[in-house]
Every structure is written in C-alpha cells, then in structure tokens.
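Adding 131 to a residue's 1-based position in the sequence shown gives its number in my numbering.
Beta carbons are placed, not taken as given, at the ideal position from N, Cα and C, and that holds for glycine.
Quick caveat: nothing in here was measured; it's all calculated off a predicted structure.
Take a look at the structure set out below.
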Amino acid sequence: MQTVKIACTQKKYDVLIGNGLLKNTGEIFKEYFSPCSAVLVTDDCVYALYGKAVLQSLADAGFNTVKFIFQHGEHSKNLRVFSQLLEFMAQHSLTRSDIVVALGGGVTGDLAGYAASCYMRGLRFVQMPTTLLAAVDSSVGGKTGVNLDAGKNLAGAFWQPSLVICDCDTLGTLSDDILADGVAETVKYGMIKDTELFEMLETGDCLRSHPKMCIARCVQIKGDVVAGDEFDNGERQLLNFGHTLAHAIEKLSDYTITHGHAVAIGMVIVTRAAENKKLTKEPCLGRLIDTLKKHGLPIACSFDLQSLATAALSDKKRAGSFIHLIIPIRIGEAQILKLPVSELENFIKSGLGREE
Ligand SMILES: NC(=O)c1ccc[n+]([C@@H]2O[C@H](COP(=O)([O-])OP(=O)(O)OC[C@H]3O[C@@H](n4cnc5c(N)ncnc54)[C@H](O)[C@@H]3O)[C@@H](O)[C@H]2O)c1
Ligand SMILES: [Zn+2]
C-alpha cells in the first residue's frame, strides 16, 4: 500500500492507495478514528458491488452504520438529493463527532462531501473512490458541491476529507467508458504538470499496467497544488484545464456526455485555440489528440459556437469582465490566461476549428 500525505491548512490527511482495502475498512478506520456512527453514502450500482462489504467491515470494527443510497448518475448531484441526505442524517441523529463515508465516484464524493460540510456546520468525511476519476482527482482537494439548474457545481463548499481510502481492486469492475473518464483527468495532469506521465499515456496503457503508480502520481500533484492554493485563487486553477468548456458541454448535453469525456473535448478546444493564437511555445495539439483517441476519448462535439460560449460564461471561472482559461504552453506546462469576456466567443471559435 502507498500513502500520499496531503497538507492543506484546513486539514492534513492521508490518501491510502492499495489493493484489498475495502474489506479492511473497519480496521483502517480504527487506526484513524474512535468508535462513532458512520453514514455510508453511495449510489445503487456501487452499493450492489461493494456496499455490504464496507458496512460489514465497519460493523465488525465496532462502528455504528447507517446507509443512504441514491440513484447513480450525474442527475442525482442536485439540491433535492442533497437535502434528502441532510434530513436522513438528522433522522438518524448523527452528531458532529460522527463520520460521512463517500463510497463511489465523483458524484458520490461531491454530494456526500457537501452534506458533510453543511450538516451541523461540518463533520468529518472519508472518501472511498471507486472510479478512476474519483481516485486520481475528485476524492482529493476538498471541492464539494452539487449542480444547479443554471449550471455545473454552482453550489458547494471547500471541505477537505479526513482520510481517503483508494482500493484499486474496484477499478476492475468499471466499464471502458467510465474508466476513460478517469483517463481524461490523468491526461490533464500530464498536460499541465507531468511530461513523463503524459508520455506514459501517449505510448502505453500505464493505468492498466501500473494503476497504483499513476494514481499516486496524480494525487501527489493535486495535493501539492491544492496545499499551495486551497481556495482556488492561483495555481489551483491549472487543474481546471479544459473544464470551462467541459462544464458547458456537460450542461448542453443534459449530462449525457460525462465529465471526463467533456474534459477531453474541452482540452482539445482550448489547446487548438492556444496554438492558433501562438500562445504555446511548442506544438501539443497533435499529441494530445492522438493520446485521447488512443484511450477511446472524444475530441470534438457538435454544439454550436453560440451555445458553447453562452454556457461557458456561467462557469465559476469568470471574474468580472474576465474569464480565466488554462492554456498549455508545452506538454507538461500550463498557465492561466485572463481573457476578456468579450473575446471568449472568438477564442472558442478558433478552438473549434470549424466554420460556423
Ligand atoms: N470535486 C472535485 O474536485 C471533482 C473533480 C473532478 C470531477 N468531479 C465530479 O465528479 C463527477 C464525475 O465522477 P465519476 O466519473 O466518478 O462519476 P460517477 O460518480 O457518476 O460514477 C460513474 C458511474 O460509475 C459507477 N461506478 C462507480 N464505481 C464503480 C465501480 N467500481 N464499478 C462499476 N461501476 C462503478 C457509478 O455507479 C456511476 O454510474 C462529476 O460530477 C464531476 O463534476 C469533481
Ligand atoms: Zn474534472
């Protein structure tokens, strides 16, 4: 097992990455927490696969458990399910000394983490990622939240987990498509910070051959970036490479295009625009496209320019009359571009590379 240590000011915590960890959840909890109640939050699919093993292990170790199971999918990441979860916690008399356990993908982690941040003004929560995307990205860093009708992740809080337990065995039951969502975020880390990781993804299938190493590498990058800029005012914004467009694409598709797939398309649009506008120091679009295609990810979408530009403007990365976009400089290095809102449509047009 590998342990990556995350040192945020709000909280310091361990990310445990290994095999066979789920069935030892209770024993691991005992090392970190005294006996208390744990509310397991998970979706129906993940519950069917792993829920009972986790509950059993926690009970065997002396933790009281209750479970909140919601319907899988991005459509559950909303205020209605969020409020049902808060009411559930109140009905089961959870207190501030108890723990929320998020077992699942990024939807579960974002929803459960946000409830943990709000209920009684905050209680501890443990992330147990079961998708590659959650393992390499969403389970670390403390961004929690839900979608509003107006846009993606528009309600939320910064609330760090107390512990992350990543059992790589869970990745074995993911479909190729859901695995690819996590590959897109891994490519993102390569593009913004880690040339070697990018090259491993470009030339081979390191996520299947060495999942623990790849996950630990992404978690370490995210941990370092987040520790330096917990509240997203500076360097942390680099992690949003491709995300302003991705959030627009997800919303326009009514979430039929999943987050990682949308991130892949978003990275391509931004990289093409950056190259066209001569903002990059070395060409990277070709290598990015080839790598995404190799892992079964899309590189384009059919939404029109006007819809994309309007949806992108509702993204959180807007600061007054400027929007912050992340652009690559070369493979392994990126920077923040402060673009006047009035130029966004033109920038996206250039990134789409098609006649509108
Ligand atoms: N908080 C952050 O920093 C952050 C970062 C990146 C993404 N996100 C969010 O994460 C969400 C996407 O996460 P996701 O892709 O994990 O989606 P998800 O949580 O919806 O999981 C995808 C699907 O995989 C299923 N599943 C989960 N684990 C499985 C397993 N081991 N075997 C088989 N099926 C399994 C789920 O039931 C679900 O249907 C988005 O809402 C995105 O905005 C948050
Ligand atoms: Zn993302």
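Residue i Cβ short of 7 Å to ligand 2 heavy atom set
i	result
D308	no
E464	no
H392	no
H374	yes
E316	yes
Where residue i falls: helix, strand or coil (DSSP)
i	result
Y308	Note on identity: in this sequence residue 308 is Asp, with Tyr being the wrong assignment. Looking at D308 - three-state DSSP - the assignment turns out to be helix.
D229	coil
A288	strand
D175	helix
P342	helix
Q351	helix
I504	Outside the shown range of the chain, which is 132 to 487, sits residue 504, and nothing can be said about it.
Y490	Only positions 132 to 487 of the chain appear in this structure, which leaves residue 490 out of reach.
K469	strand
L254	coil
N209	coil
L410	coil
M220	helix
Q141	coil
T422	helix
M132	coil
D435	coil
I430	coil
F329	helix
N371	helix
N271	Note that residue 271 corresponds to Val in the displayed sequence, not to Asn. It is coil, neither helix nor strand.
L147	strand
D191	helix
F362	coil
A450	strand
L444	helix
L475	helix
Same chain, Cβ closer than 7 Å to residue i, neighbours up to 5 away in sequence not counted
i	result
G272	K353, V357
Q291	C139, Q141, K142, Y144, G273
F102	Nothing in the structure corresponds to residue 102, since the chain is present only between 132 and 487.
S248	T275, A288, W290
Residue i Cβ short of 7 Å to ligand 1 heavy atom set
i	result
S269	yes
L152	no
V185	no
K136	no
A265	yes
K408	no
D360	no
C176	yes
L305	yes
N209	no
D241	yes
E205	yes
G236	yes
G272	yes
L383	no
D312	yes
N284	yes
T261	yes
T389	yes
Close Cβ partners of residue i (< 6 Å) along its chain, the five nearest in sequence each way excluded
i	result
G157	S188, L189, D191, A192
F434	L383
L423	A395, I430
H378	K283, D446
L152	I296, D298
Q351	V135
S481	A404, N407
S224	none
Residues near residue i by beta carbon distance below 8 Å, same chain, minus five either side
i	result
T196	S168, A169, V170, L171, L186, L189, A190
I479	L376, I400, A404, L436, L439, A440, A443
CB contact check: residue i to chain D, cutoff 8 Å
i	result
V185	Looking at the structure shown, chain D is missing, and only one protein chain is on hand.
Any non-hydrogen atom of ligand 3 within 7 Å of residue i CB
i	result
L180	The model depicted lacks ligand 3 and carries ligand 1 and ligand 2 instead.
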